[in-house]
Every structure is written in C-alpha cells, then in structure tokens.
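Here's the structure, in structure tokens; my notes come after.
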Amino acid sequence: MLKMKIFHHNNQTISYEFNRLYRIFNMVFAVLIMFGAYLYREEEWFSWFSFPVLVSLVLILTGLYLDSWRFDSGKKIIITRFGILGIYKKKIYQFDDIIGFSLTHFSKGYQKARDEGKRKRRSEILVFSVVFTSGGKRDIEIIRETKSGGMTELNAQTIAEYCGKPLTKDREMDSNLGTRFGKFGKFYRSS
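The sequence shown begins at 37 in this note's numbering and counts up by one.
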C-alpha cells in the first residue's frame, strides 16, 4: 500500500499525493521488462512473452495513476484530481463548503471471533476524510494503521491547520501528535 505525502508548490499551495519517484520507477521498470521480453520473444512466444507484457501494462497503469489533493489557501479552494494521467476527474471545493477534516478508524476482520476471545487476523484501518457543510464526506486516504505509522494522522493535522479548519478524531490518542510544517520548516499562510 502506498502512502501519500505533502508537497509544497508555493507559499499558498500544498498538495497531498503519491510520490512522483514511485511513478517514475514503475515506468522505467515497465520499459526494462518490455525490453527483456522483446529480446527473448522467439522462445515459446505466447507463454513467455504474454506474462511480461501483462506485468508491464500493470506497471504502466500504476505509473500513470493520479490521485491528488491540492490545497490553495490564497484562493481558498481545494482541487482534487483522480484518474489516469490525461483521463481524470477534477473537482473544485471552496473552503466555505467544508466544515473540517476527520480521522476515523475501523476494524477489518471478524468481530464475533474477537468477542469470543479467539485470535483472528484483524487489521485496523485509518480513514482521512474531508467533511462538507451539506453533511457529505469524501475520503482522502484509506490506509492500514500499521502502514501509516502515525504519518497520516500528522499529515491530516497539518492539512487541517493549513486550511484553518478543525480536525475531528474518533480516538483521543491521535490528539497528542505534534504538527509538522512540511519540508522547509514551516508554512507561509496568507490571511
């Protein structure tokens, strides 16, 4: 599972998206696999050539995948883009349409087995969402809590502070995190 990160664009804009190096790595790896498949294309063509082509196509699609949230404190808007490179859905939200952000947790697994005292494999999932004045909610990131390692909670708190909106948490233990002001030490917000 991939983790999203905060990137600074200028004094008024930050984005929350996947690392660009991951995308570049997938594309380069796909090209190398295709090159290797091309070199050995004469031996049992269908069985050996089709698997590298399928793996390369999956790597290319993951390299072109786009899930980006851009927060602009100057224009007071949030721009979200979701899709594959040039074919994506773009949506713009005003800060006035947003109540705040929320961090919620849920367990994936067997609750009945847990209540009976049996050890079953369960995983705690963390959901970082934006909450709208209309009562709706839009998930920004859904990640396993162990994979997050506290970074999603920290990023949520940082984004909420940057936008000047409250962050609602369903567990009190997430409230004692410090804030991270990004790559260059601090945010420069305009009033």
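Even for Gly, the Cβ is constructed at its ideal location relative to N, Cα and C.
Item	Value
Between which two residues does the alpha helix (DSSP H) carrying residue 193 extend?	187–199
Under 8 Å between the Cβ atoms of residue 166 and residue 137?	yes
Roughly how far, in whole angstroms, is the beta-carbon of residue 195 from the beta-carbon of residue 52, given that I think they are within contact range, below 8 Å?	6 Å
When you compare only the Cα positions, how much space is there between residue 177 and residue 101?	15 Å
Assuming residue 54 contacts residue 103 under a Cβ cut-off of 8 Å, what Cβ separation, rounded to an integer in Å, is found between them?	6 Å
Out of 105, 112, 182, state which residue places its alpha-carbon closest to the alpha-carbon of residue 142.	182
Report yes if the CB atom of residue 87 is closer than 8 Å to the CB atom of residue 113, and no otherwise.	no
Mind listing, in chain order, the continuous alpha helix (DSSP H) runs of no fewer than 4 residues lying wholly within the stretch 96–172?	147–151
Hey, would you say residue 110 sits closer than 8 Å to residue 193, going by beta carbons?	no
Straight-line CA distance for residue 161 to residue 187?	14 Å
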